[in-house]
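So the structure is just underneath, and the comments pick up after that.
Protein chains: 2
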Amino acid sequence: MEAKLARRMSCISPFYVMALLARAKELEQQGRDIIHLEIGEPDFPTPAPIIAAGLEQIATGQVKYTPAAGLPALREKIVAFYQTQYGVCIAKEQVFITPGASGAFMADPCYPCNSNFSYLFNGQPQLIPVTAADDYQLTAAQIQSHWQAHSKGVLIASPANPTGTLIKPAVLESAIDQTTALGGCFFSDEIYHGLVYGQQASCALQFSQEVFVINSFSKYFGMTGWRVGWLIVPPAFIGAAEKLAQNIFISTATASQYAALAAFAPETLQELERRRIEFAARRDFLYQALQEIGFKIAIKPEGAFYIYANCQQFTDDSFQFAHDLLEATGVAVTPGKDFGQHNAQHYLRFAYTTPIARLQEAVQRLQQFINGRKG
Amino acid sequence: MEAKLARRMSCISPFYVMALLARAKELEQQGRDIIHLEIGEPDFPTPAPIIAAGLEQIATGQVKYTPAAGLPALREKIVAFYQTQYGVCIAKEQVFITPGASGAFMADPCYPCNSNFSYLFNGQPQLIPVTAADDYQLTAAQIQSHWQAHSKGVLIASPANPTGTLIKPAVLESAIDQTTALGGCFFSDEIYHGLVYGQQASCALQFSQEVFVINSFSKYFGMTGWRVGWLIVPPAFIGAAEKLAQNIFISTATASQYAALAAFAPETLQELERRRIEFAARRDFLYQALQEIGFKIAIKPEGAFYIYANCQQFTDDSFQFAHDLLEATGVAVTPGKDFGQHNAQHYLRFAYTTPIARLQEAVQRLQQFINGRKG
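First to last, the sequence lines map onto chains A and B.
For the first sequence, position 318 matches number 317 in numbering that gives the first Met the number 0, and the numbering has no gaps at all.
For the second sequence, position 123 matches number 122 in numbering that gives the first Met the number 0, and the numbering has no gaps at all.
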């Protein structure tokens, strides 16, 4: 007899962009100049004070397990950050330092791992089509109308991946109230907080203590490869989160946690502000340039580093378009298919995680590619 | 309505030793001298060449995501290590760099996270009582007699936690053959390989390509706080493992992977050999000393850094005994309850992760404690 894969493995999709990324690397090795607009990773290095804190810890040689819930000093710094940044008061015990994140019931389009996490735990994610009119965000009315007897909770992300949109404070508040009234858990993915180019993003904790907040040092703080994030749980879930942390991670990488202690230092925050301004300039450039060459962008992205652009004018198959574009021009973008089913074939995600000069070059190549298809 | 915890959360046990550890730390803060024999973490620092490799990577500032399956150079080094160490040939694609481990169907006593992992994925772990006569290891006959229609696989660990025993090569081979014949997956937890004081431990891959091998840089290589391990999967499972890695970890901490590149360097291996000799001396001391004061140790441990000692002569409640011992003498040990149900109340686990002088002091305190109870 042969060992079999669990049935739920067939529900778990790979990232479609991975095949494209592999091809892009192959072309690069052949000497082609590839412009990477497919990657959700900032191009900036980790800020110097964070690097210094990590080096200092490792140099001691004592890179040992930390408590499962994380380094106490880091949990305290996060508590202080929530007080300063959002004016909310949380207990240190609610903060768990993590090497990852988690999921529920969510917008389409959204980050694909969320669905896959649900399948992994035998959950059934329910993707709810969202529209530009609602900032591509779930509303209380949608939550109410889609709620079923076995529904467990709601996940929102703001700023969102792939659309870069924010949820309005009043919409967030009513979504939390609606979910709570239905007896569900509310999860707020806030990993792109800080990377906003108009108004500040609201934190779910500003409206309720009974929410789960998922955040990370990866994006805004420039610490992708360090693998460190955090989760804030409602007081009643502290014991359960503690048990899960003990069993799932044992602990998060020690040097990464010590490095993260420097993430909230004034000199780090100054550097991050310079980067935010640079991201804003890239957003402005790409938002305008893509529209000038014929892409439709229904709503101006206000955060993260993504533009979710409609390419229906050029193709009914954005997946094929992305592959053809890569082969013909060396510009790599992510097809909508990676983020859900709702009109996914008409969308491409552009990540502005590369300098403006390269974005300009990418737009020129795109224009030539589009002109070539017309002819 | 109130949000509820998933029913399976109630199956997931915390580590009982955690409460004891918390109390030990409290006593330490009050100025008491605590001897830690409860901790499964080597007292040695990370070897210098590994530290240097980690520092060098971080100093570049480019601490970015690696591929989900891990740094290609590290996967290659692991392939070479299996060739040298065990004479087995695996493909680089079978090796996945991980920040953690995973579980199935297992011996009692065993490492408690394994059961909890099964519950988390809605599995039902079946603990099979094992005896000293079988080196506290599962046999092919036990696997066959306990197999049920819905059984999925078998997990063995050698050297084992908490018993420190090895599985004999012929027993391992027949366990693999039996599991394969039943159509199950075979998981071999080899995280204590290298820490052996008599014969070498066998690797499951020496008997079959169709096994899952779980290993880690934590214990033998002294890299606990770096959070980096590896998983070797049968060729047919490469695609599935790749999807899971993309979704669950995204990637393992980058600096930890670069640091691990130095784990197989000759100067690292020389240092690890010195440490292994020191662990062997501690094992010899503690094995004899515990028996001299009345503990029964049915089988001499051959690996890891644990002794699983029967304390039935002193108590029928090793959990209470461990708490009383800590309060009275400041010696912290782990109660059997953390490793299963089979006679757990008659056992204590002693970790020799502390120098011999401290082990001597601990044994003296233990003897006084026992004498005091008799009187």
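For every residue, glycine included, the Cβ atom is placed at its ideal position computed from N, Cα and C.
Along chain A, in chain order, which residues have C-beta atoms closer than 7 Å to that of residue i?
i	result
Gly60(B)	Pro44, Thr45, Ile50
Glu40(B)	Lys63, Tyr64
If residue i and residue j are in contact, beta carbons under 8 Å, what's the gap, nearest whole angstrom?
i	j	result
Ile247(B)	Leu204(B)	So it is not a contact: roughly 24 Å between Cβ atoms.
Thr164(B)	Tyr135(B)	5 Å
Ala261(B)	Thr267(B)	6 Å
Phe294(A)	Ala308(A)	4 Å
Ile190(B)	Lys218(B)	6 Å
Pro161(B)	Pro98(A)	With 8 Å as the limit, Pro161(B) and Pro98(A) do not qualify as a contact, their Cβ atoms being about 26 Å apart.
Leu325(A)	Leu19(A)	6 Å
Leu171(B)	Ser201(B)	5 Å
Val227(B)	Ile142(B)	About 31 Å separates the two Cβ atoms, so there is no contact after all.
Ala252(B)	Trp229(B)	Not quite, the Cβ-Cβ distance comes to about 14 Å (not below 8 Å), so this is no contact.
Ala90(B)	Pro234(B)	7 Å
I'd like the list of long-range same chain contacts for residue i, defined as Cβ closer than 7 Å, with 5 residues on each side in sequence excluded.
i	result
Gln82(A)	Cys88
Ile237(B)	Glu92, Gln93
Ile292(A)	Val362, Leu365, Gln366, Ile369
Lys76(B)	Leu260, Phe263
Ala52(A)	Tyr257, Ala258, Leu260, Ala261
Met17(B)	none
Tyr15(A)	Phe318, Pro334, Lys336, Asp337
Just to confirm my understanding: we take residue i, look at its own chain, exclude 5 residues before and 5 after, and list those with CB closer than 6 Å. What are they?
i	result
Leu70(A)	Gln256
Val362(B)	Ala288
Trp146(A)	Leu181
Leu316(B)	Residue identity check: residue 316(B) is Asp in the sequence provided, not Leu. Answer for Asp316(B): Gln344, listed in chain order.
Phe220(A)	Ala262
Glu270(B)	Pro46
Ala156(A)	Asp188
Pro41(A)	Gly221, Thr352
Ser207(A)	Ile175
Arg372(B)	none
Ser250(A)	Tyr64, Thr65, Ala67
Ala131(B)	Ala297, Ile298
Since residue i meets chain B, which of its residues come closer than 7 Å, beta carbon to beta carbon?
i	result
Leu54(A)	Leu54, Ile57, Ala58
Met255(A)	Rather than Met, the amino acid found at residue 255(A) in this sequence is Ser. Going along chain B in sequence order, the residues near Ser255(A) (Cβ under 7 Å) are Ala252.
Arg282(A)	Simply none; closest approach about 22 Å.
Thr130(A)	Within 7 Å Cβ-Cβ: nothing; Thr130(A) doesn't reach chain B, min ~27 Å.
Thr462(A)	The requested residue 462(A) is not part of the displayed model; chain A covers only 0 to 374.
Please go through the same chain and pick out, in chain order, the residues whose beta-carbon is closer than 8 Å to the beta-carbon of residue i, but skip the five residues on each side of it.
i	result
Leu285(A)	Ile306, Phe349, Tyr351, Leu358, Val362
Ile57(B)	Ala254
Ala264(A)	Pro48
Gln340(B)	Asp107, Leu126
Ile296(A)	Tyr286, Leu289, Gln290, Ile306, Tyr307, Ala308, Asn309
Glu27(B)	Ile33
For a contact meaning CB atoms closer than 8 Å, what does residue i contact in chain A?
i	result
Gln340(B)	Ordered by position in chain A, no residue passes the 8 Å Cβ test against Gln340(B), which lies about 18 Å from the chain.
Gly69(B)	Result: empty, since nearest Cβ-Cβ is about 12 Å, beyond 8 Å.
Pro98(B)	Pro98, Arg226, Phe248, Ala252
Output, in chain order, the set of chain B residues within a Cβ distance shorter than 8 Å of residue i.
i	result
Phe14(A)	Gln245
Below 9 Å on C-beta distance, what does residue i contact in chain A?
i	result
Thr223(B)	Val62, Lys63, Tyr64, Ile249, Ser250, Thr253
*3 or more residues per run - each beta strand (DSSP E) lying fully within the segment 240 to 320 of chain A*: Complete beta strand (DSSP E) runs here, min 3: 305 to 309.
*At least three beta-carbon pairs within less than 8 Å, the segment 354 to 363 of chain B to the segment 48 to 63 of chain B*: The segment 354 to 363 of chain B makes no contact with the segment 48 to 63 of chain B; the number of CB pairs closer than 8 Å stays below 3.
*Any 3 or more C-beta pairs closer than 8 Å across the segment 276 to 283 of chain B and the segment 192 to 201 of chain B*: Touching, yes, given that three or more Cβ pairs across the two stretches are closer than 8 Å.
*4-residue-minimum alpha helix (DSSP H) runs that sit fully inside the segment 175 to 238 of chain B, ordered along the chain*: Runs of the alpha helix (DSSP H) inside the segment 175 to 238 of chain B: none found.
*Hey, is the segment 280 to 300 of chain B in contact with the segment 157 to 177 of chain B, meaning 3+ C-beta pairs nearer than 8 Å?*
The segment 280 to 300 of chain B vs the segment 157 to 177 of chain B: in contact.
_Meets three-Cβ-pair contact criterion under 8 Å: the segment 27 to 47 of chain A and the segment 330 to 344 of chain A_ = Segments in contact, yes.
*Report the residue ranges of all alpha helix (DSSP H) runs contained in full by the segment 132 to 161 of chain A; include only those spanning at least 4 residues, in chain order.*
As far as the segment 132 to 161 of chain A is concerned, its whole alpha helix (DSSP H) runs of at least 4 residues are 139 to 145.
*In the segment 32 to 92 of chain A, which residue ranges form an unbroken alpha helix (DSSP H) of at least 4 residues, counting only runs that do not cross its ends?*
Qualifying alpha helix (DSSP H) stretches, in chain order: 47 to 58, 71 to 85.
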